[in-house]
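Undergrad: One structure, pasted below without further comment.
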Amino acid sequence: MNKKQLMKGNEALAEAAIRAGLQGYFGYPITPQSELLEYMSRELHKRGGAFVQAESEIASINMVYGAAGAGARVMTSTSSPGYSLMQEGISYIACAELPCLLVNVVRGGPGLGTIQPSQGDYFQAVKGGGHGDYKLIVLAPNSVQEMADFTYIGFDLADQYRMPVLILTDGALGQMMESVVFPEYDIEKNRTNHSSWATTGRVNGREQHVITSLHLQSEDMEKQNQILQKKYRKIEENEVRFETIQTEDADFLLVAYGLSARIAHKAVNLAREEGLKVGLLRPISLYPFPYQAIEDLSAKVSGILTVEMSAGQMVEDVRLAVNGKVPVGFYGRMGGMIPQPDEILEEIKKLYSPKRRQ
Amino acid sequence: MNEEIIIAGFGGQGVLSMGMTLAYAGMVEDKEVIWMPSYGPEMRGGTANCIVVVSDDKVSSPIINKFDTTIILNQPSMDKFESAVKPGGNIVYEANNVMNPPTRDDAKVFKIPAAEEAKKLNNPRTMNMIILGAFLAVKPIIEISSILEALKKVLPKRHHHLIPLNEKALRLGMELVGKD
Numbered sequence: 351m352n353k354k355q356l357m358k359g360n361e362a363l364a365e366a367a368i369r370a371g372l373q374g375y376f377g378y379p380i381t382p383q384s385e386l387l388e389y390m391s392r393e394l395h396k397r398g399g400a401f402v403q404a405e406s407e408i409a410s411i412n413m414v415y416g417a418a419g420a421g422a423r424v425m426t427s428t429s430s431p432g433y434s435l436m437q438e439g440i441s442y443i444a445c446a447e448l449p450c451l452l453v454n455v456v457r458g459g460p461g462l463g464t465i466q467p468s469q470g471d472y473f474q475a476v477k478g479g480g481h482g483d484y485k486l487i488v489l490a491p492n493s494v495q496e497m498a499d500f501t502y503i504g505f506d507l508a509d510q511y512r513m514p515v516l517i518l519t520d521g522a523l524g525q526m527m528e529s530v531v532f533p534e535y536d537i538e539k540n541r542t543n544h545s546s547w548a549t550t551g552r553v554n555g556r557e558q559h560v561i562t563s564l565h566l567q568s569e570d571m572e573k574q575n576q577i578l579q580k581k582y583r584k585i586e587e588n589e590v591r592f593e594t595i596q597t598e599d600a601d602f603l604l605v606a607y608g609l610s611a612r613i614a615h616k617a618v619n620l621a622r623e624e625g626l627k628v629g630l631l632r633p634i635s636l637y638p639f640p641y642q643a644i645e646d647l648s649a650k651v652s653g654i655l656t657v658e659m660s661a662g663q664m665v666e667d668v669r670l671a672v673n674g675k676v677p678v679g680f681y682g683r684m685g686g687m688i689p690q691p692d693e694i695l696e697e698i699k700k701l702y703s704p705k706r707r708q
Numbered sequence: 058m059n060e061e062i063i064i065a066g067f068g069g070q071g072v073l074s075m076g077m078t079l080a081y082a083g084m085v086e087d088k089e090v091i092w093m094p095s096y097g098p099e100m101r102g103g104t105a106n107c108i109v110v111v112s113d114d115k116v117s118s119p120i121i122n123k124f125d126t127t128i129i130l131n132q133p134s135m136d137k138f139e140s141a142v143k144p145g146g147n148i149v150y151e152a153n154n155v156m157n158p159p160t161r162d163d164a165k166v167f168k169i170p171a172a173e174e175a176k177k178l179n180n181p182r183t184m185n186m187i188i189l190g191a192f193l194a195v196k197p198i199i200e201i202s203s204i205l206e207a208l209k210k211v212l213p214k215r216h217h218h219l220i221p222l223n224e225k226a227l228r229l230g231m232e233l234v235g236k237d
């Protein structure tokens, strides 16, 4: 049962979702995410769930909306251009407070772009994407194992907070194979009871359950916003996730997430071989963002370098956290290009200086 | 042990499946492995390559641009990846498909007539296993028995009767090293 398996990231995520009791998958094929949909089409119906290939991404997300409203454990997955198409539906689901899992296997943009990996959808993922004041919990795996692990966590957080959770990954993590072990997961124990709100039919004279994102009275709409904001403050307090690597004695800090964090880790090793005391902080939850952890570390280093597969998006959140205390540099590649460990090392050398300690 | 390899050639030469076999075999031996394909347009007829890392320790970056071994199955890949081998590393290449041999004098070069030998086995598709055998003679990081175990996973069941032929090809490849 808990044997090590060699799988692509996309497949591992799909398998984990099924093991987490997935009841409905709605999606539309797009590279580099298609293995996920293929896996679902092959496996889900045999294991108690419903697989629907919708006619578009817009249809997929609205099917998710409907099925989540009925209290089912559901998800969709896509890649960047498809994720853009889903934004209206995601905003509705966030407002209606329904749990579901979303997956964006990011490819290079803007536009139809390229099918190679990218991290250019960070802003869209953490700053909104759709209209209105809403947030998603955003988790960024950096290995095939985490593609599986974060799927379980994602479903549970979605249930707990009644909101969509987004797994933000990229084409390389989706396509590459690594070994993965699927942890034991008790569906009965982990699933939250949705009977107080789900639209499951008005039997035995129970009160009417209404799921909507439409509140025409501004007083009501503001009230709904306040409910959402209260929930987001609670999430910011309780759900920040990050990892630190060799930061204890670091004079200089790298900040990177997802695939970039794997590459940055190698750059840390290369720098250490040359006697440069470099550490790495990896945000795991991109919302809520680990502002406090970065602020704390910024007091202990002489400078920071953020590495992304984008023109520089997360770096804005890093700068917010650091608030001008130390210089924050940026190194990135765009459009499907991936930074190499030795390129990052070169950037480190340009910015590095030992921390002057009192 | 930490071996970083790139395998490159034309789509259809068995580049990706050779890498996947190697990665599976590493996992059979409980090593840490990564298989990273180049995917996309090059899968549809152009050049294909994959990175394989087999290691005793957890692997940090799957993105690598300098390799311990480059396994090269056509000329465009030689042009692109000859420079990607680390000093002191290995270049294993297929003789018939590469017109211009590598010029690196700081790497060990192994020219393997795998296409020709595969023809003699009456199955040109064993070319990739002959090359894999040659690589394992150059770098014995994985047991042949693990490769055979891996083939059971990589090959669909209907092709399992070909595993003895693949074993023959692997062993032939091992014998070819040092004969050029």
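So the sequence lines, in the order shown, correspond to chains V and Z.
Counting in this note's numbering, the first sequence runs from 351 upward without gaps.
Counting in this note's numbering, the second sequence runs from 58 upward without gaps.
Glycine included, every Cβ here is placed at the ideal spot set by N, Cα and C.
Alpha carbon to alpha carbon, how far is residue 613/V from residue 555/V?
TA: 58 Å
Undergrad: Between the alpha carbons of residue 221/Z and residue 208/Z, how many angstroms are there, rounded?
TA: 10 Å
Undergrad: Taking 8 Å as the threshold, find out whether the stretch 376 to 385 of chain V comes into contact with the stretch 412 to 431 of chain V through three or more Cβ pairs.
TA: yes
Undergrad: State whether the stretch 543 to 560 of chain V contacts the stretch 616 to 626 of chain V, with contact taken as three or more CB pairs (one from each stretch) at a distance under 8 Å.
TA: no
Undergrad: My understanding is that residue 80/Z touches residue 109/Z, with C-beta atoms under 8 Å, so please give their C-beta distance in whole angstroms.
TA: 5 Å
Undergrad: Taking CB distances under 7 Å as the criterion, tell me whether residue 596/V reaches chain Z.
TA: no
Undergrad: Which value, in whole angstroms, describes the spacing of the CA atoms of residue 666/V and residue 460/V?
TA: 19 Å
Undergrad: Between which two residues does the alpha helix (DSSP H) holding residue 74/Z run?
TA: 72 to 85
Undergrad: Please list the residues of the stretch 664 to 688 of chain V that have a C-beta atom closer than 7 Å to any C-beta atom in chain Z, keeping them in chain order.
TA: 688
Undergrad: Starting from the Cα of residue 390/V, find the closest Cα among 417/V, 652/V, 360/V and 477/V and give me that residue.
TA: The candidate whose alpha carbon is nearest that of residue 390/V is 360/V.
Undergrad: Please list, in chain order, the chain V residues whose beta carbon lies closer than 7 Å to that of residue 84/Z.
TA: Ordered by position in chain V, the residues that pass the 7 Å Cβ test against residue 84/Z are 354, 356 and 529.
Undergrad: Nearest chain Z C-beta to residue 699/V closer than 7 Å, yes or no?
TA: No, its Cβ sits nowhere closer than 7 Å to a Cβ of chain Z.
Undergrad: What's the C-alpha gap between residue 640/V and residue 576/V?
TA: About 23 Å.
Undergrad: Would you list, in chain order, the members of the stretch 499 to 523 of chain V that have their beta-carbon closer than 9 Å to a beta-carbon of chain Z?
TA: 521, 522 and 523
Undergrad: Answer yes or no: does any C-beta atom of chain V fall closer than 7 Å to that of residue 117/Z?
TA: yes
Undergrad: Going by CA-CA distance only, name the one from 705/V, 582/V, 403/V and 464/V that's closest to residue 512/V.
TA: Nearest option by C-alpha distance: 582/V.
Undergrad: Report buried or exposed for residue 560/V, applying the criterion of at least 16 other Cβ atoms within 10 angstroms of its Cβ.
TA: exposed
Undergrad: Residues of the stretch 116 to 137 of chain Z with a CB closer than 7 Å to any CB of chain V: list them in chain order, please.
TA: Residues are counted here when their Cβ sits less than 7 Å from a Cβ of chain V; for the stretch 116 to 137 of chain Z these are 117, 118, 119, 120 and 122, given in chain order.
Undergrad: Since residue 618/V is in the beta strand (DSSP E), which residue starts that stretch and which ends it?
TA: Careful: residue 618/V lies outside any beta strand (DSSP E), inside the alpha helix (DSSP H) at 608 to 623.
Undergrad: Indicate the three-state DSSP secondary structure (helix, strand or coil) for residue 527/V in the structure shown.
TA: Three-state result, residue 527/V: strand.
Undergrad: Please work out which residues of its chain come closer than 8 Å, Cβ to Cβ, to residue 160/Z, disregarding the five sequence neighbours upstream and downstream, and give them in chain order.
TA: 139
Undergrad: Classify residue 457/V: buried if its beta carbon has 16 or more other beta carbons within 10 angstroms, exposed otherwise.
TA: With 16 or more other CB atoms across the displayed protein chains lying within 10 angstroms of its CB, residue 457/V is buried.
Undergrad: May I ask you to report which of helix, strand or coil DSSP gives residue 105/Z?
TA: strand
Undergrad: Just to confirm my understanding: we take residue 72/Z, look at its own chain, exclude 5 residues before and 5 after, and list those with CB closer than 8 Å. What are they?
TA: Result list for residue 72/Z: 64, 65, 66, 105, 106, 107, 130 and 185, in chain order.
Undergrad: Output the boundary residues of the alpha helix (DSSP H) element that contains residue 575/V.
TA: 568 to 588
Undergrad: Measuring only between beta-carbons, confirm whether residue 526/V sits less than 7 Å from chain Z.
TA: yes
Undergrad: Taking C-beta to C-beta, are residue 676/V and residue 669/V nearer than 7 Å?
TA: no
Undergrad: Locate the alpha helix (DSSP H) running through residue 19/Z, then write down its first and last residues.
TA: As displayed, chain Z neither begins before 58 nor continues past 237, which places residue 19/Z out of reach and without an answer.
Undergrad: Buried or exposed for residue 634/V, going by 16 or more other Cβ atoms inside 10 Å?
TA: buried
Undergrad: Report the neighbours of residue 692/V on chain Z: residues whose CB is nearer than 9 Å to its CB, in chain order.
TA: 122 and 123
Undergrad: Run the CB neighbour count on residue 412/V, radius 10 Å, all protein chains shown included, and call it buried at 16 or more, exposed below.
TA: buried
Undergrad: Is there a C-beta anywhere in chain V that falls below 7 Å from the one on residue 62/Z?
TA: For residue 62/Z, the answer is no, since every Cβ of chain V falls outside 7 Å of its Cβ.
Undergrad: Let's see if you can read the secondary structure: which residues bound the alpha helix (DSSP H) around residue 691/V?
TA: 691 to 701
Undergrad: Mind pulling the chain V residues with CB within less than 9 Å of residue 90/Z?
TA: 356, 527, 528 and 529
Undergrad: Is residue 759/V close to chain Z, meaning its C-beta is less than 7 Å from at least one C-beta of that chain?
TA: Only positions 351 to 708 of chain V appear in this structure, which leaves residue 759/V out of reach.
Undergrad: Leaving out the 5 sequence neighbours to the left and right, which residues in its chain are closer than 6 Å to residue 164/Z when beta-carbon positions are compared?
TA: 142, 146 and 148
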